[in-house]
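Q: Sequential numbering from 16 applies to the sequence shown in the working numbering.
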Amino acid sequence: MNAQVSQNPLSSVPDRVSLYEVSPRDGLQNENATVPLSGKVRLIDALVAAGLERIEITSFVSPKWIPQLADADELTRVLRERPLHDVRLSALCPNPKGLDRAKKADIKEIAVFVSASETHNKKNVNKTIDQTLCAFEETIGPAREAGMSVRGYVSTVWGCPYEGDVAPERSIAIAKKLFDMGCYQISFGDTIGAGTPRLTRDIVMRALDTLPLAAIAMHMHDTRGAALANILVGLELGIRHFDASVGGLGGCPYAPGAAGNVATEDLVYMLHGMGVGTGVDLERLVEAARAAESIVGRKLPGKVHQAGIRSLRA
């Protein structure tokens with residue numbers, strides 16, 4: 016047998032990965048109908064019961080821009096009354112006003128976001144990329160001084176709905192700035208689901224040349240059905256942090272036609288089948304995905320919660 020063929024292409028896959036659940040924020044903010052507070056709490060309770068330990072629950076943004084998340088303060092108040100000692104709750108904070116609200120809510124981790132394409136960034140936050148990064152000086156530093164962790168998002172890394180291809184070096188340079196400003200981790204987002212394994216390998220290898228391994232996360236959308244294939248490439252390169260959304264909830268209001276994030280249960284099914292640990296109970300995760308469908312009142316695109324679970328053989 017040819018020596019090259021016999022080599023295990025998955026030899027560098029980590030034994031365990033960390034999942035960052037985004038459905039309560041990234042998923043629900045894109046629903047046409049606003050989910051009531053009770054529904055959001057039910058969803059988060061189901062995610063916690065499944066064993067997810069990192070959950071982005073809301074965004075402290077003006078209700079004018081995202082009315083679906085207008086109850087952020089009330090949601091965090093309700094969750095503070097729950098025994099969530101092993102769960103790290105986070106929230107998106109686009110500006111100092113949002114940071115002040117996060118502090119009052121006793122949130123320990125916030126996230127900031129910027130696009131790698133000027134047009135998408137302008138439509139998303141009405142600022143240029145440089146203006147956005149400059150404004151983060153009023154958020155990232157003060158948050159860290161208050162003892163909070165800060166995570167960064169760079170969206171449209173694999174492509175922009177308005178500009179098309181995005182040069183990987185531009186995304187990497189923005190990510191490096193966020194890291195230097197104090198973000199402990201940068202989530203690279205395929206906002207429109209344009210990624211292919213070859214492009215993903217190029218982007219991730221460039222990121223690994225610039226940032227520590229632990230500082231890199233992948234946030235893949237499944238618009239063209241390639242999210243898991245792209246995540247597999249990341250795994251082969253040693254990436255250990257992945258964003259996902261139960262049921263495949265999500266999308267982007269400023270990316271026409273973009274489908275939701277990779278479904279958490281689909282990702283966990285694949286990972287467990289590869290012998291990669293997640294700390295997540297897949298059966299309970301499927302229950303959470305079905306609860307999410309009930310909460311939003313429509314069928315969600317995740318595959319595993321529809322097909323069910325079969326036994327996984329090593």
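C-beta: ideal position from N, C-alpha, C; glycine also.
Excluding the five sequence neighbours on either side, which residues of its own chain have a C-beta within less than 6 angstroms of the C-beta of residue 318, listed in chain order?
A: Residue numbering aside, residue 318 sits at position 303 when the sequence shown is read from its first letter. 281, listed in sequence order.
Q: Find the nearest neighbour of residue 104 within the set 124, 96, 113 and 116, judged by alpha-carbon distance.
A: For the purposes of this step, residue 104 is taken as residue 89 along the sequence shown, with counting starting at 1. When each option's Cα is compared against that of residue 104, the closest is 124.
Q: Starting from the N-terminal side, write out each stretch of the beta strand (DSSP E) that is 3 residues or longer and does not extend beyond the region 120-162.
A: Listed in chain order, the complete beta strand (DSSP E) runs (minimum 3 residues) inside the region 120-162 are 124-130.
Q: In this structure, how does DSSP classify residue 17 when only helix, strand and coil are distinguished?
A: Walking along the sequence shown from the start, residue 17 turns up at place 2. Because the pLDDT at residue 17 is just 40, under 50, the model does not fix this residue reliably, and the point stays unresolved.
Q: I'd like to know if the region 183-196 and the region 48-57 are in contact, where contact means that at least 3 CB-CB pairs between them fall below 8 angstroms.
A: As far as the Cβ criterion goes, the region 183-196 does not touch the region 48-57, which means the pair count is below three.
Q: Considering only residues of the region 51-94, which uninterrupted beta strand (DSSP E) runs meet the minimum length of 3 residues and lie entirely inside it, listed in chain order?
A: Whole beta strand (DSSP E) segments, 3+ residues: 69-74.
Q: Count the CB pairs spanning the region 112-121 and the region 132-141 that are closer than 8 angstroms, and state whether there are at least three.
A: No: the two stretches stay apart, fewer than three of their Cβ pairs being nearer than 8 angstroms.
Q: Based on the DSSP output, what are the partners of residue 166 in its beta bridges?
A: Stepping through the sequence shown from its first residue, residue 166 is reached at position 151. Answer is 126 and 200.
Q: Name the two residues that bound the continuous alpha helix (DSSP H) containing residue 264.
A: Along the sequence shown, read from residue 1 onward, the residue named residue 264 stands at position 249. Run containing residue 264: none; DSSP gives neither H nor E here.
Q: If you reduce the DSSP assignment to three classes, tell me which class residue 237 lands in.
A: For the purposes of this step, residue 237 is taken as the residue at position 222 of the sequence shown. It is coil, neither helix nor strand.
Q: How many angstroms separate the CA atom of residue 38 from the CA atom of residue 290?
A: Taking the first residue of the sequence shown as position 1, residue 38 is located at position 23. Taking the first residue of the sequence shown as position 1, residue 290 is located at position 275. Each residue's alpha carbon lies about 25 angstroms from the other.
Q: Within a Cβ cutoff of 7 angstroms, which residues of the same chain sit near residue 285, ignoring the five residues on either side of it in sequence?
A: Mapped onto the sequence shown, residue 285 falls at position 270. For residue 285, where only same-chain residues beyond five positions count, the Cβ hits under 7 angstroms are 243.
Q: Starting from residue 107 and walking both ways along the beta strand (DSSP E), at which residues does that stretch end?
A: Stepping through the sequence shown from its first residue, residue 107 is reached at position 92. Start and end: 103-107.
Q: Alpha helix (DSSP H) containing residue 284: first to last residue?
A: Along the sequence shown, one-based indexing puts residue 284 at 269. It spans 279-288 - the alpha helix (DSSP H) in which residue 284 sits, taken as one unbroken run.
Q: If you compare alpha carbons, which of 70, 139, 68 and 101 is closest to residue 80?
A: Position 65 of the sequence shown holds residue 80. Of the listed residues, the one whose Cα sits closest to residue 80 is 139.
Q: Pull up the distance between the alpha-carbon of residue 322 and that of residue 163, whole angstroms please.
A: Position 307 of the sequence shown, counting from 1, holds the residue named residue 322. Position 148 of the sequence shown, counting from 1, holds the residue named residue 163. Cα-Cα distance, rounded: 40 angstroms.
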